[in-house]
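First residue of the sequence shown: 1, per the UniProt record's numbering; consecutive thereafter.
A quick write-up on the structure given underneath.
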Amino acid sequence: MASNKHSLFTPLRLELESGITITGIHYLPDISPTSPTYRPLMVLIHGGTCTAHNFDVSPSLTASTAAASLSIPVISINRPGYLDSTPLVVPDGSTYHKELGRFEHEELFPALWRKYGVSNRCTALLPLGHSLGSLGIIISAGLHAKDPNPKYPLAGIIFSGSGSRSAANAPPPPQDPSQKLAWKRLIMCDKAELNLVPTEALDAIALQDHPIKPEELAEVFAGVWNGYWRTYSNEITVPVMFGQGEHDALVEGTLEHVKEVETCFSKTERFDGSLVRNAPHAIEWSHCAAGWYTRCFGFALEVTASYALKGARIPSGAKES
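Okay, structure coming up:
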C-alpha cells in the first residue's frame, strides 16, 4: 500500500495481450529544454514482501526526486501476484524466477516500451531491481543478449540486495504471524541500534508489507537459484551496476562478495560494483537512499547515451539517435 502522502507517482494499469494485468505506479516528467537528449525509461522491480510503493516510501525516500531533477520517466510495477497484478504461472520443469525473467523479457518490457518509452521520447529501457526483484531482471537481460530480434532497447541493468552469497546468519521467515513485521523490519532495516534508516521508513513498514510468494523465496533458500543464475548472468553484455548494503541481513555485505558478483558477469562491457557502507538490505529505505538513487539514475543516463552513440539496434518506434 502507499505510504507517501505527497507522492508524485500516479497509478498504472497495463492490460497485456496475453490477458495478464500488471499494476503499479509511474512518474512521467514533462519533456523540457533541459531534458536529456538520450532519455532512459526506468523500470523499478520490487523484492519480496514489498510492492511498487517500495520505491516511494516518503517524500525523502522516493525515486521521484532523482527522476524529477533529471527528467527521467520512471515506472514501478507490482510484480505478478502482488496487489492487483495477475499471478505468475510456473510450468512443470521451470522455476518462479526463470518464468519471471521470461515474462519480463517477452511480454512486460516490450509492452512498457511500446506504451511509455516511445511516447516519452526515450532512447532505451533500464530496469532497477531490489532483492528478489533483481533475479528476474538478470534472467531477462541474459535472454535479451541472446535474442536476435529483441522488442525493446536495453541500455543496462541495476540491482541491489542480491548476489552469490547469503549472510552468515540470515533470519528465516517466522512461523508465528505476529512476528512478521518485526522480521520485515530486521531484514529491511537491520538492528535498530545501528540507526541505518530514518523514522519515516520504520513508520511505513506495516503499509509497505505484502505477503511473499513461498515459491520465489524457496528457490533462493533451497539453493536452486545459485545453481543456475550464472548461465544467464554470463550472457549479459550491457553495463551492470550492483550495490550491496554493508549491513544486509540477508546477503553478505563485504567487498569480497561484490568482487565475486563481478565475476558472474563475464561478458558485460562494464561492471560498476560497490559496497554501500552503513546501508541495510533496503538501501532505498536508508539514510543512503538519496545518494543511491542519484547514482542509479546517473548511471542510467550515462549508459543510455553510450548505447545510442555506439549505434546499438533500436527497435522500431524508438527515438533515433
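Cβ atoms here follow ideal geometry from the backbone N, Cα and C, with glycine treated the same way.
query	result
Where DSSP assigns a beta bridge to L41, which residues make up the other side?	L125
Look up Q244 in the DSSP assignment and say whether it is helix, strand or coil.	strand
Write down the C-beta distance between L14 and K115 rounded to the nearest angstrom, noting that I regard them as a contact closer than 8 Å.	7 Å
My output table needs one value for D203: the three-state DSSP class, helix, strand or coil.	helix
Would you check if the distance between the CB atom of H247 and the CB atom of L196 is smaller than 8 Å?	yes
Flag this pair as yes or no: are the beta carbons of Y293 and E302 separated by less than 8 Å?	no
By alpha-carbon positions, which one of S35, A279, A141 and S94 ends up nearest to M188?	A279
So, H281 versus S131, is the Cβ gap smaller than 8 Å?	yes
How many Å lie between S58 and P127 at the Cα?	21 Å
State the Cα-Cα distance for the pair W229 and I139, rounded to the nearest angstrom.	7 Å
In three-state DSSP terms, what is R277?	strand
I'd like the list of long-range same chain contacts for G245, defined as Cβ closer than 6 Å, with 5 residues on each side in sequence excluded.	G253, V276, A279, P280, H281 and I283
At a cut of 8 Å, does the region 174 to 193 reach the region 73 to 85 through at least three beta carbon pairs?	no
Which residues mark the beginning and the end of the beta strand (DSSP E) in which T21 is found?	T21 to Y27
In whole angstroms, what is the alpha-carbon distance linking P198 and R39?	31 Å
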